[in-house]
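Data block below; observations after.
Residue numbers (the working numbering), protein chains in the order written: chain A, 1 to 271; chain B, 272 to 526.
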């Protein structure tokens with residue numbers, strides 16, 4: 001009896017987490033006791049703000065763009081559906097790294113050209129200066145690329161959410177006289193978003209990891225600073241330990257929040 | 272001018288593919304020339320085997336289904352007109368579904384007050400007050416802040432009736448309102464419906480509840496294969512149906 005209870009209690013412990021936290025504490029204490037690790041920590045930490053800014057800005061923008069793409073994808077109006085499907089398939093078929101290079105070196109000059117054409121009168125009158133590729137710094141281009149890439153994935157999540165809402169909910173709304181737009185905003189989306197909240201949150205974890213790709217453009221994020229530091233000091237082992245430590249702190253804690261969210265939603269749905 | 276709801280020669284065919292790729296060998300004739308008038312204040316019960324087209328007919332009245340041909344009028348509004356004001360028609364005709372279809376993310380009170388608020392632009396306070404009164408009327412005064420999943424089927428269906436009433440409709444459509452309910456909950460829903468009938472609500476009801484038919488229905492319509500086979504008073508149809516098909520069907524469900 002007693003042994004069963006102990007076994008049950010031990011079985012309920014998330015051992016992987018205990019291991020992770022334990023290792024984290026060991027890593028942190030040994031590292032901070034070591035002068036060279038302290039220096040690396042300080043250096044890499046400077047990239048933390050850039051990593052988070054790129055991740056948060058791209059994520060927020062891709063949520064907005066993804067919502068509209070997802071709505072278009074679920075639309076009954078065929079041209080909208082076709083255009084959004086075209087975009088989504090195209091973007092999902094490309095490696096994120098290629099999207100990044102493409103936006104940075106093809107997209108940015110093109111965007112400058114388009115803006116110049118659109119704002120030609122203002123530029124001619126001297127009110128604003130003509131745009132050039134370098135008007136957009138690499139961090140902006142990187143965030144734009146991540147946004148365009150993630151919007152495609154997020155659009156599919158929204159579409160799945162919209163399609164997960166029971167048809168009867170829509171009929172009931174129509175039967176009450178709600179317009180299609182009111183039905184979408186008041187009845188379908190609130191339920192759809194709730195259903196896909198964990199999936200949406202997981203995309204944030206993914207975008208934090210993919211934000212490391214911006215280092216190829218020389219943006220000073222955690223990875224880029226680590227790369228440069230390691231190359232100049234040859235302390236590859238220590239530097240990449242610290243880099244990994246930073247990412248894991250962010251991703252594991254967020255993953256745990258997502259799990260807690262999933263459990264809460266499941267409990268509420270079961271009630 | 273005859274009935275308040277007038278259905279004239281309604282026809283509707285379903286293909287096997289909902290997207291419109293009709294393959295001609297799989298056509299199902301859901302409505303095959305149905306004409307029916309419902310007067311103001313009349314309660315008409317539609318019975319018939321599954322697939323007889325009774326739900327399709329009901330859903331065509333507020334245009335959740337479109338007809339292939341034929342006309343449906345509600346008062347002076349042509350439901351089937353190409354540019355019909357669907358919103359006005361649907362405001363005028365409430366609908367109660369077999370699976371309740373209460374909005375899962377809203378409390379019962381919000382379910383009832385939503386449409387008046389955003390379709391009728393009634394003030395939030397006014398909509399809440401009306402919703403509270405309606406829910407009290409269907410016996411749910413103590414459940415206002417509950418969510419649909421926290422209620423029994425019977426309670427959900429009564430809330431759904433209150434939601435339909437909140438738009439102050441001139442007629443109510445019931446699509447098998449008790450079919451998804453456990454036996455002990457059927458009565459509480461039928462009691463609400465009977466009370467509405469007594470108050471003079473115009474009702475078109477797809478249901479096989481004979482008790483309700485006898486207590487509240489003015490007329491019973493028997494449909495089969497997309498056609499109206501016969502109709503008459505509940506007494507007449509249940510005890511002395513003219514058509515063999517009707518008698519067979521009734522023998523089937525009365526056992």
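Ideal Cβ positions, reconstructed from N, Cα and C, are used throughout, including at glycine.
Do you know offhand how far residue 236 (chain A)'s Cα is from residue 230 (chain A)'s?
-> Counting from 1 along the first chain, the entry for residue 236 (chain A) is found at position 236. Counting from 1 along the first chain, the entry for residue 230 (chain A) is found at position 230. In a straight line, the C-alpha of residue 236 (chain A) is about 5 Å away from that of residue 230 (chain A).
How is residue 375 (chain B) classed by DSSP in three states: helix, strand or coil?
-> By 1-based counting over the second chain, the position of residue 375 (chain B) is 104. Correct three-state label for residue 375 (chain B): coil.
Identify the contact partners of residue 389 (chain B) in chain A, using a Cβ-Cβ distance below 8 Å as the criterion.
-> The count along the second chain starts at 1 and reaches residue 389 (chain B) at position 118. Within chain A, the residues near residue 389 (chain B) are 178, 182 and 186.
Helix, strand or coil for residue 224 (chain A), going by three-state DSSP, please let me know.
-> Locating residue 224 (chain A) in the first chain gives position 224, counting from the first residue. Residue 224 (chain A) falls in the helix class under three-state DSSP.
Residues from the region 435-461 of chain B in contact with chain A, defined by Cβ distance under 9 Å = 435, 437, 438 and 444
Where residue 528 (chain B) meets chain A, residues with beta-carbon distance less than 7 Å | The question about residue 528 (chain B) has no answer, for chain B in this structure spans 272 to 526.
Report yes if the CB atom of residue 405 (chain B) is closer than 8 Å to the CB atom of residue 451 (chain B), and no otherwise.
-> As a first step, residue 405 (chain B) is located in the second chain; it is residue number 134 there, counting from the start. As a first step, residue 451 (chain B) is located in the second chain; it is residue number 180 there, counting from the start. No, the Cβ-Cβ distance between residue 405 (chain B) and residue 451 (chain B) is not below 8 Å.
Complete beta strand (DSSP E) runs within the region 478-507 of chain B (minimum length 3 residues, chain order) | 490-495 and 498-503
Would you kindly work out how many angstroms separate the C-alpha atoms of residue 437 (chain B) and residue 510 (chain B), rounded to a whole number?
-> Taking the first residue of the second chain as position 1, residue 437 (chain B) is located at position 166. Taking the first residue of the second chain as position 1, residue 510 (chain B) is located at position 239. Approximately 37 Å, taken between the alpha carbons.
Establish whether the CB of residue 168 (chain A) and some CB of chain B are separated by less than 8 Å.
-> Position 168 of the first chain, counted from the first residue, corresponds to residue 168 (chain A). It does; some Cβ of chain B falls within 8 Å.
Report the three-state DSSP secondary structure of residue 90 (chain A) (helix, strand or coil).
-> Along the first chain, read from residue 1 onward, the residue named residue 90 (chain A) stands at position 90. Helix.
Assign residue 428 (chain B) to one of two classes, buried (16 or more other C-beta atoms within 10 Å of its C-beta) or exposed (fewer than that).
-> Counting from 1 along the second chain, the entry for residue 428 (chain B) is found at position 157. Looking at its Cβ environment, which holds 16 or more other Cβ atoms inside 10 Å, residue 428 (chain B) is buried.
May I ask you to verify whether the region 129-145 of chain A touches the region 163-181 of chain A, counting CB pairs closer than 8 Å and requiring at least 3?
-> no
Based on the DSSP secondary-structure assignment, which residues constitute the bridge partners of residue 347 (chain B)?
-> Working through the second chain from its first residue, we reach residue 347 (chain B) at position 76. For residue 347 (chain B), which the question treats as bridged, DSSP gives no partner whatsoever.
Below 8 Å between beta carbons: does that hold for residue 275 (chain B) and residue 346 (chain B)?
-> Locating residue 275 (chain B) in the second chain gives position 4, where the first residue counts as 1. Locating residue 346 (chain B) in the second chain gives position 75, where the first residue counts as 1. In this structure, residue 346 (chain B) lies closer than 8 Å to residue 275 (chain B) by Cβ.
What residues in the region 369-403 of chain B have a beta carbon less than 7 Å from any beta carbon of chain A?
-> 370, 372, 374, 375, 376, 385, 386, 389 and 390
Cβ-based burial, residue 7 (chain A) [other Cβ within 10 Å; buried from 16] | Sequence index remark: in the first chain, residue 7 (chain A) carries index 7 (1-based). Exposed.
Where do the ends of the alpha helix (DSSP H) carrying residue 455 (chain B) lie?
-> Position 184 of the second chain, counted from the first residue, corresponds to residue 455 (chain B). From DSSP, the alpha helix (DSSP H) with residue 455 (chain B) extends over 454-469.
Taking 8 Å as the CB-CB limit, is residue 510 (chain B) close to chain A?
-> Within the second chain, numbered from 1, the residue matching residue 510 (chain B) stands at position 239. Taking Cβ atoms only, chain A never reaches closer than 8 Å to residue 510 (chain B), which makes this a no.
Mark residue 232 (chain A) as exposed unless 16 or more other C-beta atoms lie within 10 angstroms of its C-beta, in which case mark it buried.
-> Within the first chain, residue 232 (chain A) is the residue found at index 232, counting from 1. Classification of residue 232 (chain A): exposed, given that the 10 Å Cβ count is below 16.
Cβ-based burial, residue 505 (chain B) [other Cβ within 10 Å; buried from 16] = Translated into positions along the second chain, residue 505 (chain B) becomes position 234. Answer is buried; the Cβ neighbour count reaches 16.
Alpha helix (DSSP H) segments (min. 4 residues) lying fully within the region 147-178 of chain A = 167-175
Beta-carbon proximity list for residue 204 (chain A), same chain, < 6 Å, skipping 5 on both sides = Reading the first chain from its first residue, position 204 is the one you call residue 204 (chain A). Contacts found: 59.
Burial state of residue 447 (chain B), where buried means 16 or more other Cβ atoms lie within 10 Å | Taking the first residue of the second chain as position 1, residue 447 (chain B) is located at position 176. Looking at its Cβ environment, which holds 16 or more other Cβ atoms inside 10 Å, residue 447 (chain B) is buried.
Under a three-way DSSP split, which group does residue 231 (chain A) fall into?
-> The sequence position of residue 231 (chain A) within the first chain is 231, counting from 1. If DSSP states are grouped into helix, strand and coil, residue 231 (chain A) belongs with the helices.
Is residue 303 (chain B) helix, strand or coil when you go by DSSP?
-> On the second chain, residue 303 (chain B) is found 32 positions in, with the first residue counted as 1. Here residue 303 (chain B) sits in strand by DSSP.
Go ahead and pull the three-state DSSP assignment for residue 319 (chain B).
-> Within the second chain, numbered from 1, the residue matching residue 319 (chain B) stands at position 48. Of the three classes helix, strand and coil, the one that applies to residue 319 (chain B) here is coil, per DSSP.
Spatial distance of residue 90 (chain A) from residue 254 (chain A) (CA atoms) = Your numbering for residue 90 (chain A) matches position 90 in the first chain. Your numbering for residue 254 (chain A) matches position 254 in the first chain. When rounded, the distance between both Cα atoms is 29 Å.
Chain-ordered residues of the region 329-350 of chain B with a beta carbon less than 8 Å from chain A | 333 and 335
What's the call for residue 44 (chain A), buried or exposed, on a 16-neighbour Cβ count within 10 Å?
-> Working through the first chain from its first residue, we reach residue 44 (chain A) at position 44. Classification for residue 44 (chain A): buried.
Hey, does residue 417 (chain B) have any beta-carbon neighbour from chain A nearer than 8 Å?
-> For the purposes of this step, residue 417 (chain B) is taken as the residue at position 146 of the second chain. False, the Cβ-Cβ gap to chain A never drops below 8 Å.
How many Å lie between residue 112 (chain A) and residue 122 (chain A) at the Cα?
-> Along the first chain, read from residue 1 onward, the residue named residue 112 (chain A) stands at position 112. Along the first chain, read from residue 1 onward, the residue named residue 122 (chain A) stands at position 122. Spanning the two alpha carbons is a distance of roughly 14 Å.
Neighbourhood of residue 70 (chain A) by C-beta distance below 6 Å, restricted to the same chain and skipping five residues each side = Locating residue 70 (chain A) in the first chain gives position 70, where the first residue counts as 1. Correct list, in chain order: 155, 158 and 159.
Give me the Cα-Cα distance between residue 362 (chain B) and residue 355 (chain B), rounded to the nearest whole angstrom.
-> As a position in the second chain, residue 362 (chain B) is number 91, starting the count at 1. As a position in the second chain, residue 355 (chain B) is number 84, starting the count at 1. Roughly 13 Å separates the two Cα atoms.
Would you call the region 483-493 of chain B and the region 313-322 of chain B in contact, with 3 or more CB pairs under 8 Å?
-> yes
May I ask you to list, following chain order, the residues of the region 120-132 of chain A that have a beta carbon less than 9 Å from some beta carbon of chain D?
-> Protein chains A and B are contained in the structure displayed, whereas chain D is not.
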